[in-house]
Structures are given as structure tokens and as C-alpha cells.
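In short: position in the sequence shown from 1, add 691, done, that's our numbering. Yeah, the Cβ is synthetic: ideal placement off N, Cα and C, and Gly gets one too. So the structure is just underneath, and the comments pick up after that.
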Amino acid sequence: MRIWGSRFLVVLLFVTWIVAGCGERSGEVERNRSAHSGEVPDSWVARRESMVRDQIWRRGVQDPEVLRAMRAVPRHLFVPQSIRGRACDDTPLPIGYDQTISQPYIVALMTELLDLERGERVLEVGTGSGYQAAVLAMIVDSVYTIEIIEPLARVAMSTLEELGYHRVRVRIGDGYAGWEEAAPFDGIIVTCAPRDIPPPLVDQLAEGGRLVIPCGDLWHQELLVVEKKDGEIRRKSVLPVRFVPLIGPHGEE
Ligand code: SAM
692 MRIWGSRFLV VLLFVTWIVA GCGERSGEVE RNRSAHSGEV PDSWVARRES
742 MVRDQIWRRG VQDPEVLRAM RAVPRHLFVP QSIRGRACDD TPLPIGYDQT
792 ISQPYIVALM TELLDLERGE RVLEVGTGSG YQAAVLAMIV DSVYTIEIIE
842 PLARVAMSTL EELGYHRVRV RIGDGYAGWE EAAPFDGIIV TCAPRDIPPP
892 LVDQLAEGGR LVIPCGDLWH QELLVVEKKD GEIRRKSVLP VRFVPLIGPH
942 GEE
């Protein structure tokens, strides 16, 4: 009698789950919204925790706001469904159109190098999946991001919208020219590599602002931090990197 009673309970729970809707994406979004508000822990929260500890903090990124943002943003919802299980791996991943979502450590490092504060305004060149923009939106009030490949921009717009990142404004176009109407920016981050620093981005940097940018060709690129102080430009090389090239009229074909 007891066994039948418990079997009935299992069947009832299963039917309730079906009726309540088990659509993977909406369910995942809901769970991650809960994760944002800290209500219901899920396995992705634990995976992000390990990602932050093992790949980011251990390599020296220490800014508490950056670590908090990397723990909070549901990275798996920014990668294609077919490779979602690898979302927290220590590597860039393909997002279509020969483009990638950057390795978690590089996202965290570049965000830390921007040295941001809450009220500041940031421009990103290379929206891609929208993930880096979401991380920035956890730290500052205004994020502007530009993507040259329209279908990628459209997917990023809807992901950001669906997950509630309303502080992010996405534009389709060539980021080489920056976003003049919204300038000056306290921080500018470029997630594709031009050969040289685009002059419009330096012009659109506020006094005291920081530009974090990979520069070089396919074989040799360096991650640079460019600072504008008292009208002067200082540049510092941080480490060798490999990013997809900046494309468009000022970049690779
Ligand atoms: N930040 C992205 C993310 O979080 O998913 C990853 C960006 S991916 C490494 C580089 C992106 O830069 C690609 O989506 C690419 O299409 C874009 N890109 C390349 N050239 C560009 C340009 N001239 N203007 C704007 N975006 C560009």
C-alpha cells in the first residue's frame, strides 16, 4: 500500500511538472533570474562559483565588483544551446559567424583594467553574444555597445532584454567610429583587435578615462590600457592575447 502511495506521488509530481511547462529556455531564464536575486541556488551558480575561484581569482583578478558580476551573470544563456554545457570552461567559445564569446578570465581581466565606478559610462566595441555588456551593466549605470554583424547584434539584444539588462544600449554598426552622441566615456573596451588604436575612440574617452583594447595582427596582439590624463595619452601593455580581428572598412575584410 505504501509503495503504491509513493508511486502515485511520483507520477503526480511528474504530471505537474509537464503541465507547469518544462520549456528549457524559459525555465532556465527563470532559474537564473532567481539566481540573480539569490533565491534559489542552481547548478550554474555552483559552476560560476568554481569558474570565478579557479580561473579568475586564482589568476589575480581581485576587484570585488568584477568577481560579483562574473558570479551573477548567467554566462550559459549567452552561448548557443548546442555548447551550453561548456559555458563555464576556461576557453573562448564559438557564437556563430566566425565569432567567439571571450574566455571568462579575459572578460574579468579587461573589466578590472577598466577600473570602473557605479555612476560611470562605458562603451564596448564588439557586442558578440552580449555577455561582456551584461557583466559591465552589473557594475556601471550606462553601457553602450556596438556590433557590426547584424544577426549577432539582434540575438544579443533579445538575450539582454529577456534577462533584464535594461542599462545596455546596443547599436548595429562599425565600432571603429565609436558612439559620438553618447561620448565622452569613462571606459571603452574593445573585444576585437584592430591593427592600431582607432583615433575616434581616443577622442571619445573622457579626461581620466581608460581604453582597454587588443591591438595587432592575427599573429601578434597585445592587450593595451590607454589612459587620458591632463589631455595626454599614456599606453601600457598588459599581456599578449589573441582576439578575432576588427572587421569592416577600417579592419580586416
Ligand atoms: N564581447 C563579446 C561577448 O561578450 O560575447 C565577444 C566579442 S567577439 C570576441 C568580437 C566581436 O567584435 C564579434 O562579435 C565581431 O563581430 C565584433 N566586431 C568585429 N569588428 C567590429 C567592428 N568594426 N565594429 C563592431 N563590432 C565588431
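Next on the checklist: Looking at the strands, I want to know which residues DSSP matches up with Glu808.
Outcome noted: Answer is none; Glu808 lacks a bridge partner.
query = Buried or exposed: where does Ser656 fall if 16 or more other Cβ atoms within 10 Å of its Cβ makes it buried?
reply = The question about residue 656 has no answer, for the chain in this structure spans 692 to 944.
For Tyr822, the first and last residue of its enclosing alpha helix (DSSP H):
Tyr822 to Ala828
When we look at the beta-carbon of Pro889 and count the other beta-carbons within 10 Å, is it buried (16 or more) or exposed? buried
- prompt: At which residues does the alpha helix (DSSP H) containing Ala763 begin and terminate?
  reply: Pro755 to Ala763
>> Could you check if Ser849 belongs to the surroundings of the ligand SAM, using beta carbon to heavy atom distance under 7 angstroms?
In response: no
For Val826, which residues in the same chain have their Cβ closer than 7 angstroms to its Cβ, ignoring the five residues on either side in sequence? Ala760, Met761, Val764, Val798 and Thr802
Would you please state the rounded distance, in angstroms, between the beta carbons of Leu909 and Val932? I believe it to be under 8 angstroms.
The Cβ separation is near 12 angstroms, so there is no contact.
Determine the DSSP secondary structure at Arg750, reduced to helix, strand or coil.
coil
Inset, instruction - Report buried or exposed for Glu898, applying the criterion of at least 16 other Cβ atoms within 10 angstroms of its Cβ. - result: exposed
### Query
Hey, out of Arg809, Trp735 and Val752, whose CA is closest to Asp780's CA?
Trp735
### Through-space distance from Val903 to Glu811, alpha-carbon basis
15 angstroms
**Q.** Status (buried if at least 16 other CB within 10 Å, exposed otherwise) for Glu815
**A.** buried
*Any chance the CB of Asp865 is under 7 angstroms from a heavy atom of the ligand SAM?*
yes
Just list the residues that DSSP pairs Gln895 with in beta bridges.
DSSP output for Gln895 lists no bridge partner at all.
Point to revise | Beta-bridge partners of Phe876, as assigned by DSSP | key: Leu896
Do we get a CB-CB distance below 8 angstroms when we pair Gly810 with the residues of chain D?
Although the question refers to chain D, the structure presented lacks it and comprises just one protein chain.
Is it the case that the CB of Tyr822 approaches a heavy atom of the ligand SAM more closely than 7 angstroms?
yes
- Message: Given a cut-off of 8 angstroms on the beta-carbon distance, is the pair Leu784 and Thr818 in contact?
- Response: no
Requested in this report: Evaluate Tyr856 with the Cβ neighbour count: other Cβ atoms within 10 Å of its Cβ, from every protein chain shown; 16 or more gives buried, anything less gives exposed.
Outcome: buried
Report task. Go ahead and pull the three-state DSSP assignment for Ala778. Result -> coil
Under the three-state DSSP convention, the category Tyr867 falls into: helix
Buried or exposed by the 16-neighbour rule on C-beta atoms within 10 Å, applied to His911
exposed
Problem - 8 angstroms Cβ cutoff met for Gly907 and Arg886 - result: yes
Between Asp877, Ala884, Trp748 and Val831, which lies nearest to Lys920 when the distance is taken from Cα to Cα?
Asp877
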